[in-house]
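Residue 1 is where the sequence shown starts when you use full-length UniProt numbering, and the numbers rise one by one after that. Every residue, glycine too, gets a C-beta built ideally from N, C-alpha and C. Below is one structure; the comments refer to it alone.
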Amino acid sequence: SSCLSSTYAPTSADDLVLALQNSFVRTSELIRWLELVDAIDALLLLKPSEPVAITLHPEPYLQLEAGQESILRLTCRASSFPPPKYEWYFNGKPLSSRIQAGPVLELFNLTTDHSGTYKCRAWNACGSESFSNDCEVVVTPCRRKLVNKPPTLYATDKVALLISNANYEHDEKLFLTENDVESLAKSLAALNFRILAFKDLGKRDIINAVRTFCHFLQNGTYSLFYYAGHGFKCCGKDYIQSIDCSNECSVEDCVCFQDVIACIKSTPSSFNLIMWDACRDCRETSLDSRTSIVQTDPPHGSLRARRSSVVVFATSPYNSAVEVKGHQNGLFMEHLKRHVGRTVPVHEAIRCTLRDFESHALSDWQIPVVKYDIAGDHSLCDAILDGPGYRGNEILWTFVSTLPPDEEFRVTETGLRLRVTFSCDREVFCNSMLVTASLLPPVPSIHIDLQTLVCDGARAVNLSTAVLRVSSLQTLVSPLRLSVVLRDWESKNVVYLRNLHCGHPLVAAWKLRNSG
């Protein structure tokens with residue numbers, strides 16, 4: 001038998017077991033290695049327990065104003081072994097585990113009923129516990145006077161589904177569609193829309209995205225659908241070209257845009273703005289398109305005719321949509337984004353967009369087409385009135401919008417802290433997430449390596465060694481697991497290793513909404 005080197009650093013539990021089979025090690029070294037691979041069960045047998053100690057208390061006092069845009073965010077951090085768990089209390093009673101989970105408590109759409117005393121209980125499996133200091137929260141009534149009579153036009157909620165298909169596997173890559181979705185998403189977010197923004201979807205993904213979208217379209221909802229990517233026209237219908245299609249694909253491989261329109265219009269929503277920003281070049285096929293339409297079955301019952309929609313095609317039949325090299329947006333979005341946030345009826349915003357379009361040098365190459373079946377002066381800026389529909393959507397929304405909490409870890413015996421943060425790709429996409437690891441304070445001599453351990457069904461690409469993009473979250477099969485390894489540049493020795501359990505982020509959680 002031999003002794004393992006003091007610089008040995010296992011990368012997995014299996015690696016450690018193999019190394020220990022014919023080696024002698026000190027208990028302290030074994031504990032350090034078990035910590036590197038997060039072997040909690042084994043550590044419980046060897047490592048002395050550490051009592052729970054609160055390291056970060058919530059603020060002692062907060063005053064907020066009630067309203068749909070108000071957010072209460074409280075943070076509590078603790079150290080212990082075994083690792084601590086967290087439970088939040090309001091006026092001495094524990095909050096529901098669905099509302100609070102982990103060291104950060106977030107409450108939305110505050111009312112005066114949220115006023116009171118909050119505190120956090122941190123505890124571990126050995127029975128140790130500690131309570132944070134109290135935080136006194138005062139929520140004052142909204143200063144804006146509410147009129148007794150609601151406005152003539154209002155929404156019970158506002159929801160947008162935006163799809164960018166850009167990185168085609170067998171066709172020309174598009175460079176501006178992600179910019180177009182990002183521009184529109186940020187404009188709509190400022191108008192209090194819930195944003196379901198997807199990138200690079202296959203045929204089944206598009207159908208599922210539309211079905212998910214339609215779950216939010218309750219009575220009185222304003223909806224907006226926007227597609228930017230490759231498309232074509234065949235047998236009088238328009239087809240969305242999925243990301244794995246080639247330029248020679250048949251309608252069987254695509255999603256019929258008219259079916260998407262019918263699915264959205266079948267919901268009880270009170271207003272729909274539906275936009276197509278793609279080519280409509282004619283494609284001949286011997287296949288009868290009536291047998292190849294992909295039906296996105298509506299969740300609200302059988303299809304029925306309703307006067308509720310404005311449908312905008314960025315170009316006319318049998319013509320292309322234009323991307324101009326060097327521009328930030330495609331030709332249609334370049335003009336639309338100037339008007340989409342204005343406090344005017346939608347038909348006026350569209351009219352102004354078309355008027356600006358006419359003055360563009362390429363206006364003869366791309367002529368938008370607008371179809372109305374609604375006469376009301378609905379505006380994307382119309383107010384949202386709180387009610388059962390909005391509150392029901394708020395619960396659904398947690399299953400498409402929840403990111404893993406940002407985390408900080410103390411790097412043993414160095415005085416450094418490892419910070420890991422999570423964000424939506426481009427701050428808008430719900431099926432693509434950026435993970436960033438950093439050292440506080442930065443140390444140039446330590447290399448950060450952020451990698452995936454388990455990413456089944458999704459795609460992970462390192463933008464740098466410390467920044468990871470995890471995309472196609474809609475097809476994530478099992479909980480996402482990552483690892484962060486800190487290495488000394490010169491010696492290449494591992495300074496620290498941390499495994500991260502990220503669960504089902506963003507839209508990956510949609511499949512879990514009916515469980516538990």
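Handout entry: Backbone CA spacing between Gln-218 and Leu-385 [nearest angstrom]
Key = CA-to-CA, the gap between Gln-218 and Leu-385 works out to about 13 Å.
Problem - Neighbourhood of Asp-288 by C-beta distance below 7 Å, restricted to the same chain and skipping five residues each side - result: Its pLDDT being 44, under 50, Asp-288 is placed unreliably in this model, and the value from its coordinates should be taken loosely. Hits under 7 Å: none found.
Problem - Phe-422 classed as buried or exposed, judged by whether at least 16 other C-beta atoms fall within 10 angstroms - result: When all chains shown are included, Phe-422 counts as buried.
Practice task
Please go through the same chain and pick out, in chain order, the residues whose beta-carbon is closer than 6 Å to the beta-carbon of Ala-437, but skip the five residues on each side of it.
Solution key: Same-chain partners within the cutoff: Val-420, Ile-448, Leu-450, Ala-466, Val-484.
Handout entry: According to DSSP, residues forming a beta bridge with Met-275
Key = Looking at the DSSP assignment, Met-275 forms a beta bridge with Tyr-226, Val-312.
Problem - For Ile-240, the nearest candidate out of Phe-213, Leu-201, Thr-452, Ser-132 (CA to CA) - result: Per the Cα distances, Leu-201.
Problem - Same chain only: Cβ atoms within 6 Å of Asp-180, ignoring 5 sequence neighbours per side - result: Within the same chain, Asp-180 has close Cβ partners Ala-228, Asn-329, Gly-330, Met-333.
Practice task
Please name the residue or residues paired with Leu-196 in a DSSP beta bridge.
Solution key: For Leu-196, the beta-bridge partners assigned by DSSP are Leu-161.
Practice task
Could you pull the start and end residues of the alpha helix (DSSP H) that Ala-189 belongs to?
Solution key: For Ala-189, the enclosing alpha helix (DSSP H) stretches over residues 177-189.
Practice task
Sort Leu-434, Phe-193, Ala-125, Ala-375 by Cα distance to Ser-464 and report the nearest one.
Solution key: When each option's Cα is compared against that of Ser-464, the closest is Leu-434.
Handout entry: Proximity winner among Ala-349, Leu-107, Ala-278, Asn-431, relative to Lys-199 (alpha-carbon distances)
Key = For Lys-199, the nearest C-alpha among the options comes from Asn-431.
Problem - CB of Cys-120 within 9 Å of CB of Tyr-154, strictly - result: Going by C-beta atoms, Cys-120 is not nearer than 9 Å to Tyr-154.
Practice task
Within 10 angstroms of the Cβ of Ile-350, are there 16 or more other Cβ atoms? Answer buried if so, exposed if not.
Solution key: Buried is the call here.
Exercise for the section: Would you be able to state if there are at least three C-beta pairs under 8 Å between the region 366-375 and the region 315-327? Expected result: Segments in contact, yes.
Practice task
Determine the contact status of Ser-223 and Phe-213, defining contact as a CB-CB distance below 9 Å.
Solution key: Yes, Cβ-Cβ distance for Ser-223 and Phe-213 is below 9 Å.
Practice task
Step through the CB atoms of chain D and report whether any lies within less than 9 Å of the CB of Asp-277.
Solution key: Here chain D cannot be found, since the structure has a single protein chain.
Handout entry: Closest residue to Cys-424 among Thr-402, Pro-442, Leu-440, Tyr-86 (Cα-Cα distance)
Key = The option with the nearest alpha carbon to Cys-424 is Thr-402.
Practice task
Return the first residue and the last residue of the alpha helix (DSSP H) that Leu-95 is part of.
Solution key: No residue range can be given for Leu-95, since it is assigned to no alpha helix (DSSP H) and is classified by DSSP as neither H nor E.
Exercise for the section: Spatial neighbours of Leu-56 within its chain, please: CB distance less than 7 Å, with the 5 preceding and 5 following residues excluded, ordered by chain position. Expected result: Excluding sequence neighbours, Leu-56 sits near Thr-75, Cys-76, Arg-77.
Problem - Nearest to Ala-278 (by Cα), restricted to the options Glu-178, Thr-412, Val-443, Thr-112 - result: Nearest neighbour of Ala-278 by Cα position, chosen from Glu-178, Thr-412, Val-443, Thr-112, turns out to be Glu-178.
Handout entry: Length-filtered (3 minimum) beta strand (DSSP E) runs lying within the UniProt domain "Ig-like" (51-138)
Key = Listed in chain order, they are 61-65, 67-75, 77-81, 85-90, 104-110, 116-123, 129-131.
Problem - Straight-line gap, Leu-162 to Cys-263 (C-alpha atoms, nearest Å) - result: Whole-angstrom Cα-Cα distance: 16 Å.
Practice task
Assign Leu-46 to one of two classes, buried (16 or more other C-beta atoms within 10 Å of its C-beta) or exposed (fewer than that).
Solution key: Around the C-beta of Leu-46, fewer than 16 other C-beta atoms lie within 10 Å, and the residue is accordingly described as exposed.
Exercise for the section: Measure from the alpha carbon of His-215 to the alpha carbon of each residue in Phe-399, Ile-446, Ala-458, then state which is nearest. Expected result: When only C-alpha atoms are compared, the closest one is Phe-399.
Practice task
Would you mind reading off the limits of the alpha helix (DSSP H) that contains Asn-208?
Solution key: First-last of the alpha helix (DSSP H) with Asn-208: 203-215.
Handout entry: Length of the line joining the Cα atoms of Cys-142 and Gly-116
Key = The C-alpha of Cys-142 lies about 17 Å from the C-alpha of Gly-116.
Practice task
Please name the residue in Asp-406, Asp-382, Pro-94 whose C-alpha comes closest to that of Lys-158.
Solution key: Among Asp-406, Asp-382, Pro-94, the Cα nearest to that of Lys-158 belongs to Asp-382.
Exercise for the section: Going by CA-CA distance only, name the one from Leu-176, Lys-173, Glu-490, Arg-204 that's closest to residue 577. Expected result: Summary: the structure shown does not reach residue 577, with the chain confined to residues 1 through 516, and so no result is reported for it.
Practice task
Check Ser-292 in the structure and name its three-state DSSP category.
Solution key: Only weak support exists for where Ser-292 lies, its pLDDT of 35 falling under 50; the value from the coordinates is given anyway. Ser-292 falls in the coil class under three-state DSSP.
Exercise for the section: Put Leu-473 into one of helix, strand or coil per three-state DSSP. Expected result: Collapsing the DSSP output to three states places Leu-473 in a helix.
Problem - Reference Glu-494, options Ala-508, Ile-446, Arg-481, His-501, closest by Cα - result: Just to set this straight, residue 494 is Val in the shown sequence, not Glu. Of the residues Ala-508, Ile-446, Arg-481, His-501, the one whose Cα lies closest to the Cα of Val-494 is Ile-446.
Handout entry: Beta carbon of Phe-439 nearer than 9 Å to that of Leu-500
Key = Residue identity differs from the one stated: residue 439 is Leu in this sequence, not Phe. Contact flag unset, no.
Practice task
Look at Val-310 and Tyr-226 and say whether their C-beta atoms are less than 9 Å apart.
Solution key: No, the Cβ-Cβ distance between Val-310 and Tyr-226 is not below 9 Å.
Problem - Opposing strand residues paired with Met-333 [DSSP bridges] - result: Per DSSP, none; premise fails for Met-333.
Problem - Residues near Ala-125 by beta carbon distance below 6 Å, same chain, minus five either side - result: Spatial neighbours of Ala-125 in its own chain (CB-CB distance under 6 Å, excluding positions within 5 residues in sequence) are listed in chain order as Pro-82.
Handout entry: Enclosing alpha helix (DSSP H) for Tyr-154 [first to last residue]
Key = Careful: Tyr-154 lies outside any alpha helix (DSSP H) and carries neither H nor E.
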